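These notes are about the structure you will find just below.
Protein chains: 2
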Amino acid sequence: MNTSFTFKDSLSLAVCLISILPNFAQADEGMWLFNNTPRKLLKEKHGFDATDAWLEHVQKSSVRFNSGGSGEFVSEDGLVMSNHHVGADALQKFGDKDHNYVRDGFYARTREEEKRCLDLELNVLMNIEDVTERVNAAVKADLPPAEAFVARRAVTAAIEKESLDKTGLRSDVVTLYQGGAYHLYRFKKYTDVRLVFAPEQQIAFYGGDPDNFEYPRFDLDICFFRAYENDKPAKLQHYLKWSKAGAADGELIFVSGHPGRTSRLFTVTELEYLRDTRLPYALERLHDLEVLLGSYSARSEENGRRAKEDLFSVQNSRKVFDGELAGILDPHFLDRKRMNEARLKTLAQERADLKDAVSAWQRIDTAQKLIAENARKYNLIEVGHGFGGHLFSTARTILRVAEERPKPNAERLREFGEAGRESLEFQLFSEEPIYDDLEQLKLANGLTSLAKHLGYAHALVQKILAGKSPRQRATELVSGTKLKSVEARKKLYEGGQSAVDAARDPMIELARLVDAEARAVRKIIETQDETKKQAHAQIAKARFALEGTSNYPDATFTLRLAFGLVKGYEEGGEKIPFQTTFAGLYTRAAEQKNKPPFDLPPRWVERKDKLDLNTPFNFVSTADIIGGNSGSPVINRNAELVGIIFDGNIQSLTEDLMYSDEQSRALAVHSQGILEALRKVYDAGALADELTRKAN
Amino acid sequence: MNTSFTFKDSLSLAVCLISILPNFAQADEGMWLFNNTPRKLLKEKHGFDATDAWLEHVQKSSVRFNSGGSGEFVSEDGLVMSNHHVGADALQKFGDKDHNYVRDGFYARTREEEKRCLDLELNVLMNIEDVTERVNAAVKADLPPAEAFVARRAVTAAIEKESLDKTGLRSDVVTLYQGGAYHLYRFKKYTDVRLVFAPEQQIAFYGGDPDNFEYPRFDLDICFFRAYENDKPAKLQHYLKWSKAGAADGELIFVSGHPGRTSRLFTVTELEYLRDTRLPYALERLHDLEVLLGSYSARSEENGRRAKEDLFSVQNSRKVFDGELAGILDPHFLDRKRMNEARLKTLAQERADLKDAVSAWQRIDTAQKLIAENARKYNLIEVGHGFGGHLFSTARTILRVAEERPKPNAERLREFGEAGRESLEFQLFSEEPIYDDLEQLKLANGLTSLAKHLGYAHALVQKILAGKSPRQRATELVSGTKLKSVEARKKLYEGGQSAVDAARDPMIELARLVDAEARAVRKIIETQDETKKQAHAQIAKARFALEGTSNYPDATFTLRLAFGLVKGYEEGGEKIPFQTTFAGLYTRAAEQKNKPPFDLPPRWVERKDKLDLNTPFNFVSTADIIGGNSGSPVINRNAELVGIIFDGNIQSLTEDLMYSDEQSRALAVHSQGILEALRKVYDAGALADELTRKAN
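Residue numbers (the working numbering), protein chains in the order written: chain A, 39 to 734; chain B, 39 to 734.
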């Protein structure tokens with residue numbers, strides 16, 4: 039149930055600084071909606087014609103990994119490429135004491151050998167419908183926020199349910215422009231997804247945490263899956279053809295993927311909250327988890343395997359937040375933001391039809407203050423930071439399903455709506471192994487931080503600990519719960535309220551114990567978010583009126599199109615070239631004396647002589663990406679795949695807040711490098727052939 | 039300027055639970071004063087006669103490492119043994135890009151090859167004088183705390199200065215029983231200390247952080263130095279003879295060393311403060327530093343070398359505090375403490391002469407509340423957590439020396455008293471290398487946490503950051519200061535106020551900027567500590583009256599004698615034997631596939647066949663030890679060295695709060711194992727010969 043976005047577990051930040059200046063399109067900024075692409079800009083600046091057919095083809099060749107990443111179809115037989123670090127969650131889940139697929143990789147030489155993933159869901163965006171008017175009509179402008187929230191939830195659930203019933207497609211209403219627009223996204227879902235190929239993590243994530251977010255890089259961060267339908271490989275109309283030549287210096291490229299979240303439209307108050315409260319809290323928690331998982335992992339190889347994905351995700355987020363906090367602690371950034379905000383207010387003030395917007399900032403300030411007062415409790419008992427591990431969230435899901443399902447669809451907590459039922463069940467009944475020791479460790483740690491943040495003497499903390507120390511309580515809960523068995527989960531899920539009540543499962547009882555308070559604090563946060571949404575909608579309206587709608591909304595983990603140039607940059611007076619080669623990989627390993635995490639997998643040592651060392655390996659471009667874009671295809675004008683996004687450089691870590699093409703770069707694996715490695719290192723000629731069947 | 043205590047950087051906790059029960063001596067509890075040893079107990083329980091001569095010999099053979107550990111003389115030619123991890127600070131300081139003595143070890147085959155340490159000071163306790171009456175006479179009982187503090191500082195400084203002038207010995211007044219007694223300790227100092235032998239860290243700290251505080255263990259955690267006087271090896275009357283046989287199962291042993299700090303006499307309120315505020319804050323800070331130093335270290339081998347000692351110390355403390363917090367979060371512990379406290383109060387209430395003591399707890403509560411309100415600021419700007427790195431504390435020392443030295447000795451901040459002048463200069467003019475990158479990293483991190491904890495908008499934070507981000511400000515300060523040069527430090531130190539003012543050194547100016555507020559908050563904390571001291575003195579008086587003085591005070595990093603039995607224990611139904619052997623080391627390495635941190639140094643692989651694998655390597659005993667005891671000799675009835683303390687097991691991590699002999703054990707390297715390794719692995723026969731010249 040990992041809902042974080044790789045490669046960047048973006049909190050929510052970022053400012054479209056340039057957006058209220060006249061010459062908006064001076065840089066390759068933008069995570070554009072497929073139904074609002076900047077055709078004019080592309081034509082004028084790059085002489086490129088984004089036709090409907092081109093856009094539809096790219097859209098339907100793009101894949102969303104529900105575990106938090108992007109991917110693309112790369113053959114007519116359902117072959118999907120993404121990053122190793124996007125697939126790692128799935129790889130991890132079918133490993134055990136004797137098999138470590140994350141570390142060792144995998145290759146199915148035949149269809150029969152392809153391994154079905156336990157709970158991987160892929161989504162393909164089929165179409166978009168603008169439902170802003172219907173949503174706004176249902177949520178009257180003068181409703182108080184708590185009622186507005188309920189009304190919005192109701193109309194959203196109704197739209198989604200109607201669409202699901204009518205089309206059979208997964209249907210999500212997406213909030214855009216922080217509340218300025220609502221679009222209905224319909225996705226085709228694939229839930230039978232099988233693993234085809236993964237390299238060793240040691241080459242996929244070469245250089246480990248130290249080289250993460252760095253450039254030059256040398257990572258074969260790829261992974262291949264195959265989407266199945268009716269137990270047969272999906273037959274596809276749209277998939278990306280391979281470019282054997284791959285990305286060239288200075289070339290125009292596009293990235294079609296699912297940026298997770300940006301915060302470029304945040305107000306100054308929201309940014310200050312981020313700087314003073316949210317990021318420091320998040321970092322404190324991540325440091326805690328990194329040390330916990332790091333020291334657990336170091337105890338034995340098997341521990342290391344069990345915690346590897348969690349640890350990677352924690353370290354990755356920590357690096358992102360560190361970069362963001364450092365960016366936002368630069369006073370010049372907020373000064374500029376403040377200036378821009380003042381200017382927009384002044385402009386709005388001068389127009390009778392936009393005057394209302396001026397008070398919107400004040401309403402955001404008030405809401406933010408209430409959020410600040412409740413966020414810690416919300417994070418601890420509703421988001422679950424005070425518990426940790428899988429079992430508590432599983433228990434809560436089961437408890438709430440029983441309570442929510444009998445309610446009318448529109449009145450349920452959002453995640454229990456009919457439209458999301460299948461995806462929820464898919465997650466809940468996952469056969470992903472659960473390790474008692476790791477669950478206990480995480481739960482004890484969560485309970486300890488609960489006591490720290492709420493205060494040991496807090497009545498709720500005392501109820502939760504039940505006269506025991508966090509370690510004792512965690513041991514008792516983890517060993518006592520039946521929820522480790524999928525069978526038990528199914529029985530309770532299907533048995534409804536009476537079965538859940540009768541079970542007296544200790545973990546469910548713990549979830550029940552905190553549920554009233556958890557729901558209460560969630561309501562406060564959601565109401566204030568709603569207030570902010572309404573206020574942002576007004577600001578967005580003013581912005582549209584003053585700047586036109588030729589703008590893109592903050593990222594929402596929905597499909598977006600970015601574009602840019604393949605291009606190196608300067609750093610500390612040094613020119614950083616646009617690409618690296620295999621030769622560079624071997625040089626880096628030698629410099630670091632082949633010591634972890636710079637050691638090469640044995641196969642790469644043995645096959646060195648077979649490789650053309652001048653083959654491009656990784657490259658950078660100015661495309662505007664962020665966490666969630668991992669695995670996105672990099673394509674050329676002909677929609678041919680020239681690379682695959684896997685990271686951003688260290689300078690890009692403030693992109694959540696603002697775009698810059700000066701030094702920020704998107705990192706990709708080069709399509710030439712992928713082919714060379716598949717053929718020469720992995721003897722995966724059949725896979726390479728499938729990719730290049732129609733290649734140029 | 040490392041003032042932490044290895045192996046446990048004890049915060050301050052622990053409760054002598056048994057101390058108000060009648061049958062006190064039921065276990066081998068106690069860190070006894072050399073001038074108040076439990077002779078009767080030793081005689082009755084173990085048939086051992088602790089004669090004056092025996093005690094003087096052991097006392098004068100024991101050595102304190104001012105960097106935070108213990109050691110012992112082991113030959114008449116000034117040879118000193120301690121732990122590798124105690125000596126590591128010194129080893130680290132004469133390393134560079136091409137020499138990594140911490141990692142690779144060192145052996146001086148001749149006296150000429152012995153390497154002089156940059157700033158290592160050894161102390162040997164020569165005698166103890168009880169000055170309680172004089173201190174109490176100067177600090178009238180009815181003085182308000184602020185005045186009492188000044189009076190106590192004055193009388194303490196006067197006593198120390200008089201003693202120094204009279205004897206030429208380092209003279210420290212030590213507070214015992216949390217304020218119940220004051221003793222003057224006189225030390226002989228050695229400042230010309232040379233490195234003789236260190237093994238590779240990989241065998242000294244075998245198993246690294248994962249195995250730290252674990253047992254069974256396989257660590258050759260030893261290091262040899264030689265004390266020099268007048269450029270010649272010190273000629274010693276007292277040193278410990280070697281026991282070739284070493285520790286045997288069930289044997290009575292003694293540990294003579296410098297336990298750093300315990301908190302066994304803490305009140306419930308003080309313990310709650312520890313649980314709710316101090317430990318969580320300390321852990322938050324350590325997690326932050328562990329991640330910072332860990333990711334810096336991983337970037338390159340040289341980074342790893344530079345940060346190694348810092349990182350070890352952080353991980354070590356983190357493990358200690360984790361254990362302590364877990365212990366104190368067990369409600370039964372505080373419940374028992376509460377009961378004992380109530381009982382002592384009741385007993386005191388019943389006696390007219392002790393009645394006053396009853397209000398002492400209330401006064402501690404009030405003082406603790408004020409401390410809680412100021413501790414964060416105190417830690418950040420006075421202790422220096424908000425700055426980080428060496429340069430700031432160096433700058434502050436220079437600034438304050440100029441201000442304090444012109445004052446009468448008795449009125450100075452304690453660390454600038456005449457008695458400590460030599461030690462201060464020795465530290466300040468250390469040639470220890472300073473790395474710009476690491477200083478910047480730590481300073482930027484410190485400034486970020488300053489903004490986090492005091493609030494970004496806080497006037498002091500804004501003054502400190504001076505319109506820059508923490509990273510920019512840190513870069514500017516570290517590159518701008520001249521204090522990296524020892525020459526520059528000396529010039530300013532000797533030049534006094536006018537030279538310091540004229541220098542306009544940016545780091546000194548930063549120290550100046552915060553100095554008024556830092557001194558102010560320090561005054562609040564010191565005054566409240568004084569209040570607590572007075573209250574504790576009253577409680578101690580009651581305790582003495584009710585239990586007699588046959589008790590030991592909390593640890594204070596001064597010489598103590600502990601005793602116990604060499605003895606295994608049970609864990610999870612399994613019997614853990616009292617000792618390990620070399621054979622076990624090789625088994626552990628094989629189990630872990632020889633992967634870091636379980637890899638063996640090459641020399642240990644090559645020499646395996648030469649070793650007698652049945653030789654005892656490490657062993658455990660019930661002696662009552664804590665951080666600061668690292669390097670303490672373990673001796674038998676004849677005062678022969680049978681081992682050397684290097685760690686406690688995981689169950690011992692609550693010993694700061696209370697002693698238990700059930701599972702808590704002190705870990706030591708066996709004297710047999712040391713000889714075998716020196717002769718067979720390191721070809722250090724000359725050293726082994728020197729050790730055993732008079733051995734049995």
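All residues carry an ideal CB built from backbone N, CA and C; glycine is no exception.
Computed from a predicted model, the values in this text were never measured in an experiment.
Nearest candidate by alpha-carbon position, reference residue i, set the options
i, options, result
"V193 of chain B", "B:N632, B:A448, B:L599 and B:P615", "B:A448"
"L274 of chain A", "A:R264, A:K282, A:A283 and A:S281", "A:R264"
"A526 of chain A", "A:S698, A:R542, A:R443 and A:L79", "A:R542"
"V658 of chain B", "B:G505, B:F256, B:A540 and B:Q572", "B:F256"
"N354 of chain A", "A:L321, A:M377, A:R337 and A:E340", "A:L321"
"D662 of chain B", "B:P635, B:L649, B:R645 and B:T692", "B:T692"
"D553 of chain B", "B:I436, B:I577 and B:E514", "B:I436"
"E547 of chain A", "A:A504, A:Y494 and A:A236", "A:A504"
"A176 of chain B", "B:S431, B:L93, B:N161 and B:I197", "B:I197"
"S100 of chain A", "A:K648, A:I683, A:D699 and A:A733", "A:I683"
"E609 of chain A", "A:P254, A:A677, A:M119 and A:K631", "A:P254"
Proximity test, Cβ basis, 8 Å: residue i and chain B
i, result
"S355 of chain A", "no"
"T486 of chain A", "yes"
"K414 of chain A", "Note that residue 414 of chain A is Arg in the sequence shown, not Lys. No, because no Cβ of chain B sits closer than 8 Å to the Cβ of R414 of chain A."
"K718 of chain A", "no"
"G493 of chain A", "yes"
"H123 of chain A", "no"
"K501 of chain A", "no"
"H423 of chain A", "no"
"H496 of chain A", "no"
Contact set for residue i: own chain, Cβ-Cβ below 8 Å, skip 5 residues either direction
i, result
"E252 of chain B", "G245, N687 and I688"
"P60 of chain B", "Confidence in P60 of chain B is poor, its pLDDT being 31 and thus under 50, which makes the residue's placement too unreliable to answer from."
"L651 of chain A", "T619, F620, A621 and Y624"
Cβ of residue i within 8 Å of any chain A Cβ
i, result
"K445 of chain B", "no"
"G505 of chain B", "yes"
"Y277 of chain B", "no"
"P254 of chain B", "no"
Cβ neighbours of residue i in the same chain (closer than 7 Å, five flanking residues each side left out)
i, result
"G154 of chain A", "A small correction: the amino acid at residue 154 of chain A is Arg; Gly does not occupy that position in the sequence shown. Answer for R154 of chain A: D230 and R232, listed in chain order."
"E555 of chain B", "I419 and L498"
"N412 of chain B", "V559, I562 and I563"
"A575 of chain B", "G217 and G218"
"L551 of chain A", "K501 and I502"
Supposed contact pair residue j and residue i - C-beta distance, whole angstroms, cut 8 Å
i, j, result
"R102 of chain A", "H296 of chain A", "5 Å"
"D157 of chain A", "S468 of chain A", "4 Å"
"R77 of chain B", "M164 of chain B", "The Cβ separation is near 21 Å, so there is no contact."
Cβ neighbour criterion (16 or more within 10 Å) applied to residue i
i, result
"R450 of chain B", "buried"
"Q400 of chain A", "exposed"
"T307 of chain A", "buried"
"K375 of chain A", "buried"
"V736 of chain B", "In this structure chain B extends from 39 to 734, so residue 736 of chain B is not present and cannot be described."
"T148 of chain B", "exposed"
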